[in-house]
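Undergrad:
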Amino acid sequence: MAFEQQARTSSLLLRQGKMKRVLGSCLSWLYLACIYGFIFLPVAVLVLFSFQDGRLPVPPFNGVSLQWYEAVFADRKLMAALANSFLVATTSSIVACALGFLAAYALARYRLPGSAWQRGLLIAPMTVSYLIIALGLLAVLNTLGIPLSLWTVGIGHVVINLPLCFAIIYASMGDHHINIERAARDLGASDFKVMTLVTAPMLMPSIMAAFFLSVTFSWDEFIIAFLLSRFDVTLPVEIWSMLRSGLNPKTNAIGSLVFLISVAVLLVLELALFGRSRKS
Amino acid sequence: MTTATLEQSEHRKAWGLVAPALLWTVAFFVIPFLYMAAMSLWSRQGREILRVWNLDNYARFFNESALLRGLTNSLEITLTVTVLSVLLAYPLAWIIAERVPKRWQRMALILAILPFWTSYVVRSYSWLLVLSKGGVINQALLGIGLISEPLEIASNRTATVIGFVHFFVMLLTLTIYSNLIQLSPNYRRAAADLGANAFQTFWHVILPLTLPGVMTGAFLTFVLCIGDYITPQILGGNNELVLPQIIMLQIGRRADFPMAAALSIILMLAVTAAYVLCARWLKIERA
Numbered sequence: 001m002a003f004e005q006q007a008r009t010s011s012l013l014l015r016q017g018k019m020k021r022v023l024g025s026c027l028s029w030l031y032l033a034c035i036y037g038f039i040f041l042p043v044a045v046l047v048l049f050s051f052q053d054g055r056l057p058v059p060p061f062n063g064v065s066l067q068w069y070e071a072v073f074a075d076r077k078l079m080a081a082l083a084n085s086f087l088v089a090t091t092s093s094i095v096a097c098a099l100g101f102l103a104a105y106a107l108a109r110y111r112l113p114g115s116a117w118q119r120g121l122l123i124a125p126m127t128v129s130y131l132i133i134a135l136g137l138l139a140v141l142n143t144l145g146i147p148l149s150l151w152t153v154g155i156g157h158v159v160i161n162l163p164l165c166f167a168i169i170y171a172s173m174g175d176h177h178i179n180i181e182r183a184a185r186d187l188g189a190s191d192f193k194v195m196t197l198v199t200a201p202m203l204m205p206s207i208m209a210a211f212f213l214s215v216t217f218s219w220d221e222f223i224i225a226f227l228l229s230r231f232d233v234t235l236p237v238e239i240w241s242m243l244r245s246g247l248n249p250k251t252n253a254i255g256s257l258v259f260l261i262s263v264a265v266l267l268v269l270e271l272a273l274f275g276r277s278r279k280s
Numbered sequence: 001m002t003t004a005t006l007e008q009s010e011h012r013k014a015w016g017l018v019a020p021a022l023l024w025t026v027a028f029f030v031i032p033f034l035y036m037a038a039m040s041l042w043s044r045q046g047r048e049i050l051r052v053w054n055l056d057n058y059a060r061f062f063n064e065s066a067l068l069r070g071l072t073n074s075l076e077i078t079l080t081v082t083v084l085s086v087l088l089a090y091p092l093a094w095i096i097a098e099r100v101p102k103r104w105q106r107m108a109l110i111l112a113i114l115p116f117w118t119s120y121v122v123r124s125y126s127w128l129l130v131l132s133k134g135g136v137i138n139q140a141l142l143g144i145g146l147i148s149e150p151l152e153i154a155s156n157r158t159a160t161v162i163g164f165v166h167f168f169v170m171l172l173t174l175t176i177y178s179n180l181i182q183l184s185p186n187y188r189r190a191a192a193d194l195g196a197n198a199f200q201t202f203w204h205v206i207l208p209l210t211l212p213g214v215m216t217g218a219f220l221t222f223v224l225c226i227g228d229y230i231t232p233q234i235l236g237g238n239n240e241l242v243l244p245q246i247i248m249l250q251i252g253r254r255a256d257f258p259m260a261a262a263l264s265i266i267l268m269l270a271v272t273a274a275y276v277l278c279a280r281w282l283k284i285e286r287a
């Protein structure tokens, strides 16, 4: 009797547990659906209404048209801004990576007095808002009478990306590389050769990661580019000035294009860089 | 060559390598920052900057309610955004780590942060498309007859918060997920063996173990959110200005660099205060 009852309650408990689990996973999937909806809503609207056949990028959707993409490609200022952004992003990232690599090499391979302070100093700009970095540079440039240009934007972007590049490359400089460098030195390689022909290739994955990360940061950076440029502007600044005309499908079109390019770059990176390192 | 001179030449080499990065940081970050800090103690007369040392700018900040309001607006919005983002991102990261099959997790994560890669300016703009008077939400609600007048959801604090939360949910999901999957399953097993139910396991074991990661993400959210100008400028309207907007007004319309510098220092102090408050959770342990 007692045994039967026990069996019945335990089977009831089991069923309850199963119900709970099904309910739990239903709730999980519902939550997932809602939050993905929230995350993708603005992007979906942005892309959809870039094809709007009409003057306003809001409902109702009048039909598919490519006129706004044509307008984007016909816009000289926008295309110039695109080229400027590309130039500033690649140049400043190359400089940031080079300086970061040299500093990381020196601090990881040599014993220098005050190296903790030096590391702290190199990382410091990371903790300060871009707005404040831009303001400080602007104040100094104004006082010295240096005109604003793409160069000043590039200088600002190196300031924000150098800590990042240094930190990434420094973190990947493991001690296990030292023996290989020593071997190269024993075989008669100069310090410069060891650094460029041995260390740099060994660290290439992290150097590339640092490079592409700082390209994306520079590419998307607004406040420094806005405050430190005058006539030649980068893409985010040009898009910003387009916003003054209010809602416009052309802004949707350039926004969708930038999104498409970023996702394409991301895919290439995922497949070429990180995909390979995962296999090995 | 004696060891002493060898060491000296090694030193010189190392200094040569580290010098460019240090010089760059000092010339374009430290000096401008110190210059700005000094400038915050000067004052403006018309278009000229008077190099007379005083605390007038800071005094004005505490006496002018429009300026002080900027700081409180900033703090209120930033705290709301940080809390909301953590509350929304944690379950998402947890579901991806626990409920989604292993082989789909990477895909689910990449999908969850895909809109991260739209341009920052464009992301705020696209929320305008959703929230504005003629926007998607209002049109949908009007269409199904739930409301008869379009709601005022753009150009106010709600819109700013939504725009921010959208961005930081993606960021926090990434950091919290990477924290969750690093946890050894043994913790969960041990808790189960000791008789804890699912909720107890989560509350007493999983959550405390992921707290440092959550706090790091939350601190990052705080820093990026309180210093941002774009999102409130595009989505927030002109009624409730935040500190970065007021800073931009000083250098734009009023050409008051000393005041802008003082406000920047105050912004930095707010970030430092947040750091001090979070510091005990922010200790990043080395695995």
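Protein chains in written order, with full-length UniProt numbering: chain A, 1 to 280; chain B, 1 to 287. Glycine included, every Cβ here is placed at the ideal spot set by N, Cα and C. This structure is a prediction, so every number in the text was calculated from the model and none was measured.
(1) Secondary structure at residue 321 of chain B, three-state DSSP: helix, strand or coil?
(2) Quick check on DSSP: helix, strand or coil for B/Val-26?
(3) Leaving out the 5 sequence neighbours to the left and right, which residues in its chain are closer than 7 Å to A/Ser-280 when beta-carbon positions are compared?
(4) Any Cβ of chain A within less than 9 Å of the Cβ of B/Ala-287?
(5) Select from the region 137-160 of chain A all residues with a C-beta closer than 7 Å to any C-beta belonging to chain B, and list them in chain order.
(6) If the criterion is Cβ atoms closer than 9 Å, does the pair B/Thr-175 and B/Thr-216 meet it?
(7) Using the rule of at least 16 other Cβ atoms within 10 Å of the residue's Cβ for burial, across every protein chain shown, is A/Cys-26 buried or exposed?
(8) Taking B/Glu-64 as part of the beta strand (DSSP E), name the residues at either end of that continuous run.
(9) Can you tell me where the alpha helix (DSSP H) with A/Leu-227 in it begins and where it stops?
(10) Can you list, in chain order, the stretches of the alpha helix (DSSP H) that have 4 or more residues and sit fully within the region 132-198 of chain B?
(11) Output, in sequence order along the chain, the residues in the region 117-139 of chain A whose CB is closer than 8 Å to any CB in chain B.
(12) If we ignore side chains and look at the alpha-carbon of each, how far apart do B/Met-1 and A/Leu-197 end up?
(13) Determine, for A/Val-194, whether the minimum Cβ-Cβ distance to residues of chain B falls below 9 Å.
(14) If we count the other Cβ atoms within 10 Å of its Cβ and call it buried at 16 or more, is A/Asn-161 buried or exposed?
(15) For A/Leu-260, which option in A/Gln-16, A/Lys-18, A/Lys-20, A/Leu-46 has the closest C-alpha, if you only look at C-alpha atoms?
(16) Taking 9 Å as the threshold (beta carbon to beta carbon), is A/Gly-188 in contact with chain B?
(17) Any chance the CB of A/Ser-256 is under 8 Å from a heavy atom of the ligand SAH?
(18) Closer than 7 Å, Cβ to Cβ, to anything on chain A: give me those residues from the region 34-51 of chain B, in chain order.
(19) Applying the 10 Å Cβ sphere with the 16-neighbour rule, what's the burial state of B/Ala-89?
(20) Output the distance between the C-alpha atoms of A/Arg-230 and A/Gly-188, rounded to the nearest integer angstrom.
(21) Is the beta carbon of B/Thr-173 sitting closer than 9 Å to the one on B/Leu-92?
(22) Following the continuous beta strand (DSSP E) through B/Gln-45, name the residue where it begins and the one where it ends.
(23) Just the chain B side, please: which residues come within less than 9 Å of A/Pro-236 by C-beta, in chain order?
(24) In the DSSP assignment, find the unbroken alpha helix (DSSP H) run with A/Glu-181 in it and report its ends.
(25) Would you verify that the beta carbon of A/Thr-216 is, or is not, closer than 9 Å to some beta carbon of chain B?
(26) Nearest CA to the CA of A/Phe-217: which residue from A/Asp-186, A/Gln-16, A/Ser-85?
(27) Quick check on this structure: which residue in B/Leu-50, B/Asn-197, B/Leu-109 has the alpha carbon closest to the alpha carbon of A/Arg-21?
(28) Using a Cβ-Cβ distance cut-off of 9 Å, determine whether B/Val-81 contacts chain A.
(29) Check the DSSP bridge columns for B/Glu-48 and list the partner residues they point to.
(30) Contact check, residue 290 of chain A vs A/Thr-127 under 8 Å by CB: the rounded distance?
(31) Can A/Asn-252 and B/Leu-129 be called in contact, C-beta distance under 9 Å?
(32) Would DSSP call A/Val-233 helix, strand or coil?
(33) Indicate whether B/Asn-156 and B/Asn-239 have their beta-carbon atoms separated by less than 9 Å.
(34) Looking only at its chain, what residues have a beta carbon closer than 7 Å to the beta carbon of A/Leu-99, apart from the 5 residues adjacent to it on each side?
(35) Using the Cα positions of A/Phe-51 and A/Leu-82, report the straight-line distance between them to the nearest angstrom.
(36) So what does DSSP say about A/Val-128, is it helix, strand or coil?
TA: Here's the rundown:
(1) Nothing about residue 321 of chain B can be reported from this structure: the residues present for chain B run from 1 to 287 only.
(2) helix
(3) A caution first: A/Ser-280 carries a pLDDT of 39, below 50, which makes its placement in the model too unreliable to give a value.
(4) Bear in mind that a pLDDT of 35 at B/Ala-287, under 50, signals an unreliable position, so the model cannot answer this.
(5) Leu-137, Ala-139, Val-140, Ile-155, Val-158, Val-159
(6) yes
(7) exposed
(8) Run containing B/Glu-64: none; DSSP gives neither H nor E here.
(9) 223-227
(10) 136-143, 157-180, 185-193
(11) Gln-118, Leu-121, Leu-122, Ala-124, Pro-125, Thr-127, Val-128, Ser-129, Tyr-130, Leu-131, Ile-132, Ile-133, Leu-135, Gly-136, Leu-137, Leu-138, Ala-139
(12) Since pLDDT at B/Met-1 reaches only 47, below the 50 mark, its modelled position is unreliable, and the value read off the structure follows with that caveat. For B/Met-1 and A/Leu-197, the distance between alpha carbons rounds to 27 Å.
(13) no
(14) buried
(15) A/Leu-46
(16) no
(17) Absence of the ligand SAH from the depicted structure is noted, as is the absence of any ligand whatsoever, leaving it without description.
(18) Tyr-35, Met-36, Met-39
(19) buried
(20) 51 Å
(21) yes
(22) 43-45
(23) Ser-119, Tyr-120, Val-121, Val-122, Ile-230
(24) 178-186
(25) yes
(26) A/Ser-85
(27) B/Asn-197
(28) no
(29) B/Gln-45
(30) Here chain A has residues from 1 to 280 only, and residue 290 of chain A is not among them.
(31) yes
(32) coil
(33) yes
(34) Leu-162
(35) 21 Å
(36) coil
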